[in-house]
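For the sequence shown, my numbering assigns the number 19 to the initial residue and increments by one for each residue that follows.
Report on the following structure.
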Amino acid sequence: TSVDLHGEYLIVGAPMAENAGALRTGAAYVYRQDLGGSNAFGIKHTLLPTAAQSNQAFGQSVGIWDSNIATADSASRSVVGGPLFDNGGNVDAGRTSFFSDATLSGEFSGNSVNAQLGFSVALEADNAIAGRPSQLVSAQNNTGQVDTYSFNGSAWTTNTINLTQTGAQRGYRYGYSVDLSGLVAVIG
């Protein structure tokens, strides 16, 4: 599982959760403070993958942002990683899914075998990053890459900037873990 907390919101990833058809697609659960009673978190949204594909690990990584900390029950933005999503013939290409409250507001899939996009994710205000630690870079296996995203007020878009480690070699797995603070990214 994975967790993130911001303002009055908590998100919990459950990458092995079963959908209604008994497939282990994964899920993420968004909780809001005081929704379960005074000082108790109650479930606000259940986020599910758009593809009913077994073992995609949707929820392995999660991030959440409370859009207005000063206002109770304000809107939330979430990102959920599913690093084992198969994109066509690309096994384990991965996928990141963005939500505004419970509404899908962007979805991006890896485009190469075993890239594992969404292995790690981080969200801060209108910016997000997602690691693909198994991405092939410069003919080096498992070198890794980090994708960057922006929120334009209604939807998430991918930026043309994808981060790689200078001089990275096979096995570096850049993007295995990520975090954001303002516009500063920390990548492991």
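Ideal Cβ positions, reconstructed from N, Cα and C, are used throughout, including at glycine.
Since we're looking at a predicted model, the values are computed, not measured.
- According to DSSP, residue pairing for Y192 in a beta bridge involves G162.
- Judged by DSSP secondary structure, F59 falls within the beta strand (DSSP E) whose first and last residues are 59-65.
- Residue environment for N132: buried (at least 16 other C-beta atoms within 10 angstroms of its C-beta).
- According to DSSP, residue pairing for N170 in a beta bridge does not occur.
- For T175, the pairing in a beta bridge is given by DSSP as S168.
- Distances from the CA of T64 to each of S56, A58, S72, F76 were compared; the closest alpha carbon is that of F76.
- The count of Cβ pairs closer than 8 angstroms, one atom from the segment 126-140 and one from the segment 182-190, stays below three, leaving the stretches out of contact.
- In the DSSP assignment, F117 falls within the beta strand (DSSP E) that extends over 113-118.
- Per the C-alpha coordinates, the member of V48, Q78, G54 positioned closest to T121 is V48.
- Here the alpha carbons of D91 and T161 stand approximately 41 angstroms from one another.
- The alpha-carbon separation between D104 and E26 amounts to approximately 34 angstroms.
- DSSP links G100 through a beta bridge to R113.
- With 16 or more other Cβ atoms inside 10 Å of its own Cβ, D110 counts as buried.
- At a Cβ-Cβ threshold of 7 angstroms, I87 and D22 do not count as neighbours.
- Cβ-Cβ distances below 8 angstroms link E125 to T68, R113, T114, S115, F116 in the same chain, with the five nearest sequence neighbours on each side left out; the list follows chain order.
- Annotated three-state conformation of F76 is strand, per DSSP.
- By the neighbour-count definition (other C-beta atoms within 10 Å, threshold 16), G44 is a buried residue.
- By the CB criterion at 7 angstroms, S138 and S79 fall inside the cutoff.
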